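Okay, so here's the structure we're looking at.
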């Protein structure tokens with residue numbers, strides 16, 4: 007006699023089958039270089055360069071910068087290296103590994119990859135006057151599969167969507183690796199590599215081939231209009247009632263702790279740099295208390311109120327980037343004067 011599954015039995019069997027398929031998919035091997043090639047921000051590319059800098063370029067990394075486009079377009083590696091040399095007589099190698107958009111989970115993924123590949127002496131992590139409550143939407147594209155699965159589910163609006171996308175990501179990268187058809191190049195091409203510096207403080211190269219010149223100066227009136235438009239959309243520090251307020255930044259706080267632990271386990275130090283928006287106040291004590299983080303390097307000061315240093319409401323222009331890079335280099339030389347190797351010749355930039 008034919009036996010039929012009960013509705014409950016069918017659901018159990020379906021669940022087991024899906025679990026088997028999911029488990030099989032997420033362990034599919036792939037070329038991790040292809041994974042980094044699969045990412046772009048929608049307007050620019052950088053993740054593939056990050057992988058190339060970490061794995062194909064023998065140049066060491068003494069200081070790794072991790073953050074958003076504020077840091078990516080606001081801190082010059084060349085200025086930092088030259089001015090640190092001028093101040094200390096020591097040579098350091100700096101890599102700006104910042105990627106556009108906010109999300110501490112992606113910062114953790116980049117820091118983990120960097121610690122594994124290069125073991126820098128110091129990680130500098132960006133802090134802002136506001137903190138995103140959301141994870142980075144590209145975490146599922148760049149993170150190790152295990153980090154996607156073990157990400158915190160509580161107060162993480164992307165957890166289940168990331169989990170659902172993971173098998174597809176793994177299968178796609180597996181096929182790309184088999185057929186050697188990634189987004190950019192099947193293997194590292196030295197002629198295409200930008201070199202140890204990825205400088206976007208002067209110009210920004212877009213995916214469509216256009217180049218945005220950042221050597222612009224806006225009037226105070228224009229900058230104030232941009233600031234007002236930004237503040238109109240700014241959420242308050244806390245949206246939840248006081249008894250639940252610590253939950254708002256739980257995800258960021260957890261990943262900041264993971265970054266500190268991973269950096270420490272690799273033998274590196276970790277420090278925070280405050281990068282404000284235009285007209286932003288000093289690093290806000292209430293937010294920093296929520297994050298349990300304190301900036302070692304404050305890159306605000308008088309520059310935050312000077313409209314001639316800003317490209318838009320949140321990003322420095324070329325002159326502002328030089329101001330911020332000089333400020334960071336002097337603070338770095340004062341607080342960490344023993345990085346790198348003794349003996350250097352200050353270069354121009």
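Residue numbers (the working numbering): 7 to 355. Each residue gets a CB set at the ideal place from its N, CA and C atoms; glycine is no exception. Given the structure is predicted, the values throughout are model-derived calculations rather than measurements.
I need the straight-line Cα distance from residue 213 to residue 327, nearest angstrom please. 22 Å
DSSP three-state label for residue 102, please. strand
Neighbourhood of residue 219 by C-beta distance below 7 Å, restricted to the same chain and skipping five residues each side: 209
When the distance is taken between beta carbons, is residue 321 closer than 8 Å to residue 80? yes
Distance between beta carbons of residue 275 and residue 128, contact taken as under 8 Å: 5 Å
Going by alpha carbons, who is nearest to residue 187 out of 344, 32 and 36? 36
How long is the line joining the alpha carbons of residue 7 and residue 177, rounded to whole angstroms? Annotation note: pLDDT 48 at residue 7 (below 50); position unreliable, coordinate value reported separately. Roughly 40 Å separates the two Cα atoms.
Environment of residue 342 [buried if 16+ CB atoms lie within 10 Å]: buried
Among residues of its own chain, excluding the 5 on either side of residue 151, which ones have a beta-carbon nearer than 7 Å to its beta-carbon? 32, 172 and 176
Count the C-beta pairs between the segment 69-86 and the segment 111-119 that are closer than 8 Å, then say yes if the count reaches three, no if not. yes
What three-state label does DSSP hand residue 194 in the structure shown? coil
Which residues bound the beta strand (DSSP E) around residue 132? 128-133
Distance between residue 281 and residue 309 (C-alpha atoms, nearest Å): 10 Å
Ends of the beta strand (DSSP E) at residue 303? 301-304
With distance defined between alpha-carbon atoms, name the residue in 107, 124, 158 and 160 nearest to residue 134. 107
Is the beta carbon of residue 86 sitting closer than 8 Å to the one on residue 335? yes
Classify residue 154: buried if its beta carbon has 16 or more other beta carbons within 10 angstroms, exposed otherwise. buried
CA-to-CA distance, residue 223 to residue 306, given in whole angstroms: 18 Å
When the distance is taken between beta carbons, is residue 82 closer than 8 Å to residue 268? no
Would residue 146 pass as a contact of residue 168 if the rule is Cβ separation under 8 Å? yes
Rounded to whole angstroms, what is the Cα-Cα separation between residue 131 and residue 289? 14 Å
Nearest to residue 278 by alpha carbon, out of 249, 297 and 239? 297
For the beta strand (DSSP E) that contains residue 235, what are its first and last residues? Looking at the DSSP string, residue 235 is not in any beta strand (DSSP E); the run it does join, the alpha helix (DSSP H), is 226-238.
Can you tell me whether residue 124 is helix, strand or coil according to DSSP? coil
Status (buried if at least 16 other CB within 10 Å, exposed otherwise) for residue 250: exposed
By a C-beta neighbour count over all protein chains shown, 10 Å radius and 16 as the cutoff for buried, is residue 340 buried or exposed? exposed
Counting only the same chain and skipping the five closest in sequence on each side, list residues whose C-beta sits under 8 Å from that of residue 353. 84, 87, 88 and 91
If you scan the segment 132-184 from start to end, which runs of the alpha helix (DSSP H) of 4 or more residues do you find wholly inside it? 145-148 and 151-155
I need the DSSP call for residue 285, collapsed to helix, strand or coil. coil
Exposed or buried, residue 49, counting other C-beta atoms within 10 Å across all chains shown (16 or more means buried)? exposed
Determine the contact status of residue 260 and residue 158, defining contact as a CB-CB distance below 8 Å. yes
Quick one: grab the DSSP three-state call for residue 278. strand
Determine the contact status of residue 161 and residue 256, defining contact as a CB-CB distance below 8 Å. yes
Please work out which residues of its chain come closer than 6 Å, Cβ to Cβ, to residue 62, disregarding the five sequence neighbours upstream and downstream, and give them in chain order. 194
So, with DSSP's three-state summary, where would you put residue 352? coil
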